[in-house]
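When we follow this note's numbering, the leftmost residue of the sequence shown carries the number 1369, and every step to the right adds one.
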Amino acid sequence: MNASIIVAMSKNRVIGKDNDMPWHLSDDLKNFKKITINKTIIMGRLTYDSIGKPLPERNNIVLSRNLKNSKVMVLDNLEEALNISRNEEEVFIIGGADLYSQTINLVNKLYLTLINHEIDGDKYFPKFDEEEWDVVDSRFYKKSDSNSHDFKSEILVKKS
């Protein structure tokens, strides 16, 4: 499969609160853009609602049974979304929690932003066996005016 997950989460696996990210990490947003530009991104409707518009220079697929929107491709199931994008080099699952739970055992690559802080939230990234993954890239970012917390950006590849 050519699908990868890209996610930012806190030490306690929080990925969101009140349909928003409870942090501001400018460097992470820049990395997200660099990684996903000119690619297909697949998201749930709540994630799309939280963004508020299609992400530019990306093929936006939103999974929903009732969203009507001519600016993005709306599909009602994950299988169809993955099938449509099967010939692409890499497709990104960008959230939310339910979609991550459905795909964590299907993907072979994780782009993880790990925030070195426990944060209060209401949406969580699913648990996965870290022993099944190799870290192939890791970079540390310090808290700054543009980053609300210290964080680490990692790329993990599933062991064969």
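All C-beta atoms in this analysis are idealised placements derived from N, C-alpha and C, irrespective of residue type, glycine included.
Determine the direct distance from the alpha carbon of residue 1515 to that of residue 1482, and round the result to whole angstroms.
Along the sequence shown, read from residue 1 onward, the residue named residue 1482 stands at position 114. Along the sequence shown, read from residue 1 onward, the residue named residue 1515 stands at position 147. Rounded to whole angstroms, residue 1482 to residue 1515 spans 13 Å at the Cα level.
Hey, could you find the ends of the alpha helix (DSSP H) residue 1456 is sitting in?
Locating residue 1456 in the sequence shown gives position 88, where the first residue counts as 1. Note, residue 1456: premise wrong, no alpha helix (DSSP H); not H, not E.
If you reduce the DSSP assignment to three classes, tell me which class residue 1462 lands in.
The residue labelled residue 1462 in the question sits at position 94 within the sequence shown. Residue 1462: coil per DSSP, three-state reduction.
Do residue 1462 and residue 1410 count as a contact pair if the criterion is CB distance below 8 Å?
Position 42 of the sequence shown, counted from the start, is the residue given in the question as residue 1410. Position 94 of the sequence shown, counted from the start, is the residue given in the question as residue 1462. Yes, the pair counts as a contact, with Cβ atoms nearer than the cut-off.
Would you list, in sequence order, the uninterrupted beta strand (DSSP E) runs of no fewer than 3 residues that lie entirely inside the segment 1385-1420?
1408-1412
For residue 1490 versus residue 1401, is the C-beta distance shorter than 8 Å?
For the purposes of this step, residue 1490 is taken as residue 122 along the sequence shown, with counting starting at 1. For the purposes of this step, residue 1401 is taken as residue 33 along the sequence shown, with counting starting at 1. Result no, Cβ atoms of residue 1490 and residue 1401 do not sit closer than 8 Å.
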